[in-house]
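What follows is a single structure, written as structure tokens, with notes after it.
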Amino acid sequence: MKILVISDSFKGSLSSNEIGNIIKSELKEHDVDIIPISDGGEGFIESINSFLELEKIIVNTYDAILREIEVEYAVCKTRAFIELAKVCGLSLLEDEKRNPLYTTTYGLGIVIKDAINKGYKDIYLGIGGSSTNDLGIGLLTALGLYTNNQALNNNDLKDIISINNMELNESLKNIRITILSDVDNILLGENGATYTFALQKGALDLNILENNIKSFINLINDNNYPYKKGAGASGGVGYGLMKFVNAKLILGIDFILDNIDYQNLQNKYDYIITGEGRIDEQTRYGKVVSGIIKKTMNKNKVIVISGVNNLDNGLGVKTYSVVPEICSYSESIEEPEHNLRKLIKKIKL
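According to the numbering used here, the residues represented by the sequence shown are 3 to 351, in order.
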């Protein structure tokens, strides 16, 4: 049988390519193809590289807590592809360093600025997997947005009393920014950036984070952009870029699937194996798994694998999960490859 493995990474554990190679080695009696895939989070550049010939560029910048780091982004003709998760991603921070009140996207702005200075006019930002809740104020500051306190993080938002975007507008003249997101949440409220995602980023007080955002929104008297789909993506990076630089926001998984011509590609295969580290309610909205299921015409072809499945109601396709089918959560972290191999052996084709 012909099988396509097109799985997202298991965040902080196994990359998309590693998962594909593990499955291929376990299903060696079948004809298995691998396409690394991402919804805009970890592995975004790797997935772009599956259909474009990319050149890599190294730049010095800062992570989410302003430690100096070296980051790679990729370019092709006029386009630059930048992965937020490589700069200010949650997986880059030790548990005790995670706090979205203070983490910043400033380093991401430096990477974007480097690409612009090198002449790239079309910037594609994969923004999944962030550790921040700063509305993108850090990256906007790096690109020239002036605030009275040179704001960098969520905690600074409440102290902003004046703002000037003349230098920002000049630095982004003739630049087109496309945001590739893995969620379409609005910015505020129970389904917004803070109340949906901040706890997993190490937040201690959600109300403080939300109130700081509201303080800024009230200052600029914005009753429109906070309620746009995707404004809550990546701790409000979606909001900041749509509001201040007129960025276009699309679902990352749709962008990737369209570029690999998945609509026709799927017809070559008897089964399509997809997955992600954690299956939960968010999986239904903009993630790799939901994108694959939505665009696969014959749902019986689809098999979903995951590290953990927290979804009460199923996805409507065959689903296999390491936890609890193979082992406990702690055991799954200790030996991810071994446990995934055991899971693949359980798949009934």
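The C-beta atom is built at its ideal place from N, Cα and C for all residues, glycine as well.
To the nearest angstrom, how far is the alpha carbon of residue i from that of residue j?
i    : j    : result
I114 : I262 : 26 Å
I305 : K350 : 10 Å
K231 : D186 : 5 Å
V291 : S15  : 18 Å
E28  : G309 : 17 Å
L170 : G279 : 37 Å
N155 : L221 : 16 Å
M244 : G138 : 10 Å
Y331 : N311 : 11 Å
D10  : D184 : 11 Å
D161 : L206 : 20 Å
Y122 : K175 : 12 Å
Y96  : V89  : As written in the sequence, residue 96 is Glu, which differs from the Tyr given in the question. Straight-line Cα distance between these residues: approximately 14 Å.
N302 : E31  : 21 Å
P338 : E327 : 14 Å
E2   : N341 : Residue 2 is absent from the model: the chain starts at 3 and stops at 351.
N315 : V239 : 30 Å
L103 : D65  : 15 Å
Y108 : K216 : 21 Å
K250 : E20  : 32 Å
E283 : L182 : 20 Å
T149 : E48  : 36 Å
N1   : Y287 : This structure cannot settle anything about residue 1, because the visible part of the chain is limited to 3 through 351.
G140 : I67  : 11 Å
Y322 : D136 : 36 Å
I163 : S132 : 27 Å
N101 : K270 : 46 Å
F199 : K13  : 15 Å
N223 : V324 : 47 Å
L56  : I307 : 29 Å
L94  : R69  : 11 Å
K347 : G42  : 30 Å
Less than 8 Å between the CB atoms is what I'm expecting for residue i and residue j, so what's the real figure, rounded?
i    : j    : result
T134 : T105 : 5 Å
N23  : I36  : 7 Å
K203 : L127 : Their Cβ separation, rounded to whole angstroms, is 18 Å, which puts K203 and L127 out of contact at 8 Å.
G237 : A195 : 5 Å
K433 : Y264 : In the structure as shown, the chain starts at 3 and stops at 351, and residue 433 therefore has no counterpart that could be examined.
C404 : L54  : The chain is shown only over 3 to 351; residue 404 falls outside these bounds and no answer can be derived.
F246 : L147 : 7 Å
N167 : N214 : About 20 Å; that fails the 8 Å criterion.
Report yes if the CB atom of residue i is closer than 8 Å to the CB atom of residue j, and no otherwise.
i    : j    : result
L159 : F218 : yes
G254 : S18  : no
I112 : A144 : yes
G293 : L345 : no
L189 : G234 : yes
I59  : E74  : yes
G130 : A87  : yes
D272 : K26  : no
I274 : I8   : yes
E212 : Y227 : no
I71  : I125 : no
S173 : I118 : yes
L313 : T285 : yes
I295 : V319 : yes
V34  : D116 : no
Would you identify the three-state DSSP class for residue i, choosing helix, strand or coil?
i    : result
N187 : coil
A66  : coil
K30  : coil
E98  : helix
L1   : Residue 1 cannot be examined here, being either before or after the span of the chain that is shown, 3 to 351.
L313 : coil
D41  : coil
K203 : helix
S52  : coil
L6   : strand
C329 : coil
E354 : One cannot answer for residue 354 here, as it falls past the ends of the chain, which runs 3 to 351.
L2   : A question about residue 2 goes unanswered here, because the residues of the chain that appear run from 3 up to 351.
T80  : coil
S334 : helix
K350 : coil
L103 : coil
E212 : helix
L86  : coil
K120 : coil
E57  : strand
V353 : As displayed, the chain neither begins before 3 nor continues past 351, which places residue 353 out of reach and without an answer.
G22  : helix
Measuring from the CB of residue i, is there a heavy atom of the ligand PLP at a distance below 7 Å?
i    : result
L201 : The ligand content of the structure shown is nil, which means the ligand PLP is not present either.
Please give the ranges of any beta strand (DSSP E) in the region 214 to 290, keeping only runs that are unbroken, at least 3 residues long and fully inside the region.
250 to 253 and 273 to 281
Unbroken stretches of the alpha helix (DSSP H), 4 residues or longer, contained in the region 130 to 170:
139 to 144 and 156 to 159
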